[in-house]
Amino acid sequence: MKFSASLVSLALLLAGVAEASHMQKRHVRRGPSATVVPTSNPTAPPQLRPAHPPLLPVPPAVPSEVCLSTMPRSRHSSTLNNLPNGVEYVPMLWGTDAVHTSSWNAHANAAIANGATALLGFNEPDLNTQSNLTPQAAAQAWMTYMQPFAGKAKLVSPAITNGGPPMGTAWLDSFMSECQTLGCTIDAIAAHIYDSATNTPYFQSYITDLGTRYNKPVWITEFSGSGTTDQQSTTRGS
851 MKFSASLVSL ALLLAGVAEA SHMQKRHVRR GPSATVVPTS NPTAPPQLRP
901 AHPPLLPVPP AVPSEVCLST MPRSRHSSTL NNLPNGVEYV PMLWGTDAVH
951 TSSWNAHANA AIANGATALL GFNEPDLNTQ SNLTPQAAAQ AWMTYMQPFA
1001 GKAKLVSPAI TNGGPPMGTA WLDSFMSECQ TLGCTIDAIA AHIYDSATNT
1051 PYFQSYITDL GTRYNKPVWI TEFSGSGTTD QQSTTRGS
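When the letters of the sequence shown are read in order and numbered with the numbering used here, they come out as residues 851 to 1088.
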């Protein structure tokens, strides 16, 4: 499938980061955002995934490791210390629990000092099995943990799901409204999209809608097209 480069920005590069971070988990069944009308119905069966990502041991003075998948079917992956040439490490503050926030400042500063130009904040706060934050709580946490890095790196919004209200863009609308009041800096929008591999128009319209809705670059940091191997191969080649 082909997307507008002006909207996708660095999305396809960063999608590998998020895809690999979820190698051991899968999304629950989602529907499309209410702002987008797919041309066919999603068909992926319900699947469960754990409430928290696996925690890796982290040296105190360096950013946490991340698994970068560039070839999901073969499970090829890299860590922070073994990134392919030309791939930038982008740290994410996964959630607001102390296990994530206690070392965030040190890790984010270390990443920026080593060339990182962007920071991601909060993984799927609109999903109760992920970082699970209300828009209000997320905006307050943004001001505490992310806002201090404004001007030092691009700050990329919480990565929402493509679920229907109150998830997805409904959640992000409320978050952005809170942020307007608080003065959050949001330089780009992060989103995840899960749907049928044959539903190419929905993937395209969902990403386009995000770009026009928020008038910011869009990063698709996690995506999956469900279906048979032939369906997935056809979509990749279209």
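All C-beta atoms in this analysis are idealised placements derived from N, C-alpha and C, irrespective of residue type, glycine included.
- Rounded to the nearest angstrom, the gap between the Cα atoms of Ser1027 and Trp1021 is 10 Å.
- DSSP places Ala966 in the coil class of the three-state scheme, outside both helix and strand.
- For the 8 Å CB-CB criterion, Val1006 and Leu969 form a contact.
- Within the same chain, and ignoring the five residues on either side of Cys1034 in sequence, the residues whose Cβ sits closer than 7 Å to its Cβ are Ala989, Trp992, Met993, Gln997.
- Inside the region 989–1034, DSSP marks whole beta strand (DSSP E) runs of 3 or more residues at positions 1004–1006, from first to last along the chain.
- Its chain contains Thr1035 as the residues whose beta carbon lies nearer than 7 Å to that of Ala1000, once the 5 sequence neighbours on both sides are disregarded; these appear in chain order.
- DSSP places Gly945 outside both helix and strand once states are collapsed to three, so it counts as coil.
- Of the residues assessed, Thr967 falls on the exposed side of the cut-off, its CB having fewer than 16 other CB atoms within 10 angstroms.
- Secondary-structure assignment with DSSP links Asn973 through a beta bridge to Ala1009.
- As the crow flies, the alpha-carbon of Thr946 is around 23 Å from that of Ala963.
- Tyr939 sits in coil when the DSSP states are folded into three classes, being neither helix nor strand.
- The distance from the Cβ of Gly1077 to that of Ala1047 is about 4 Å, consistent with a contact at the 8 Å cut-off.
- For Trp1069, the pairing in a beta bridge is given by DSSP as Ala1040.
- Straight across, the Cα-Cα distance linking Trp1069 with Ala1038 is about 7 Å.
- Rounded to the nearest angstrom, the gap between the Cα atoms of Ser952 and Leu983 is 18 Å.
- According to the DSSP assignment, Thr1062 belongs to the alpha helix (DSSP H) that extends over 1050–1064.
- Using a Cβ distance threshold of 8 Å, His1042 and Thr1071 count as a contacting pair.
- Here the alpha carbon of Ala1009 sits roughly 26 Å from the alpha carbon of Ser1083.
- For Gly1075, DSSP records a beta bridge to Asp1045.
- Straight-line spacing of the CA atoms in Gly965 and Asn931 works out to 14 Å.
- Here Val949 is exposed, its C-beta having fewer than 16 other C-beta atoms within 10 Å.
- Selection Gly1013, Thr1062, Cys1029 evaluated against Asn978 yields Gly1013 as nearest (Cα-Cα).
- Thr951 carries a helical assignment under DSSP once its states are collapsed to helix, strand and coil.
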